[in-house]
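Only one structure is covered here, and it is reproduced in the block below.
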Amino acid sequence: MAEIERNQEEELRALQDTLYFIGGKWRIPIINSICNGNRRFREIERSIPGITTRMLSKELKEMEMNKLVKRTVYTDIPVLIEYEPTGYCRTFGNIIQEMINWGRAHRDVVTKEVATD
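Just so you know, numbering that gives the first Met the number 0 puts the end of the sequence shown at 116, numbered straight through with nothing missing.
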């Protein structure tokens, strides 16, 4: 059986792109919040303990530039702004779920080891 040749340089670039995307403290929680139905700025902000208004605003702008969220402005009075995940953003959903699963399993491993030490 022939081994598939892997391009480590390209794999490293892809990993770095992914880590850049998920890097930082807030990006994944924001995506998770929006994908869980929080669409308005204050809803998103309230769903993420510890995030500042300024940080949320900065992250949402960057996520919009990176085609992860769509920002819609409704010109009602008062003006209403909603955010929704793009189809592209939703492709990350399985990875987030796996990260949640891994985090839970890891917490169990660590707390069991601590309990038995």
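For glycine and all other residues, C-beta sits at the position ideal for the given N, C-alpha and C.
Between which two residues does the alpha helix (DSSP H) harbouring Lys60 extend? Start at 1 with the first residue of the sequence shown, and residue 60 comes out as number 61. Here the alpha helix (DSSP H) through Lys60 covers Thr52 to Met64.
Option nearest Asn65 by Cα separation, candidates Tyr73, Ile43, Asn93 and Pro84: The sequence position of residue 65 within the sequence shown is 66, counting from 1. Measuring from the Cα of Asn65, the nearest candidate turns out to be Pro84.
Identify which residue in Arg38, Asn31, Gln15 and Leu11 has its Cα closest to the Cα of Thr71. In the sequence shown, residue 71 corresponds to position 72, counting from 1. Residue Arg38 is the option with its Cα nearest to Thr71.
Using three-state DSSP, classify Arg67 as helix, strand or coil. For the purposes of this step, residue 67 is taken as the residue at position 68 of the sequence shown. A quick correction: the sequence has Leu, not Arg, at residue 67. Correct three-state label for Leu67: coil.
Nearest residue (CA-CA) to Arg26, options Lys111, Ile80, Lys60 and Trp101: Translated into the one-based positions of the sequence shown, residue 26 becomes position 27. Taking only the C-alpha atoms, the option nearest Arg26 is Lys60.
Could you pull the DSSP bridge partners for Tyr73 from this structure? As a first step, residue 73 must be located in the sequence shown, where it is residue number 74. DSSP, once it has assigned bridges, lists Leu79 as partnering Tyr73.
According to DSSP, is Arg12 helix, strand or coil? Position 13 of the sequence shown, counted from the start, is the residue given in the question as residue 12. If DSSP states are grouped into helix, strand and coil, Arg12 belongs with the helices.
Locate the alpha helix (DSSP H) running through Phe40, then write down its first and last residues. To locate residue 40, count along the sequence shown from 1; it is residue 41. Counting along the chain, the alpha helix (DSSP H) containing Phe40 begins and ends at Phe40 to Ser46.
Which whole-angstrom value is the C-beta distance of Glu58 and Ile80, which I expect to be below 8 Å? Here residue 58 is taken as the residue at index 59 of the sequence shown, counted from 1. Here residue 80 is taken as the residue at index 81 of the sequence shown, counted from 1. Not a contact, Cβ separation roughly 15 Å.
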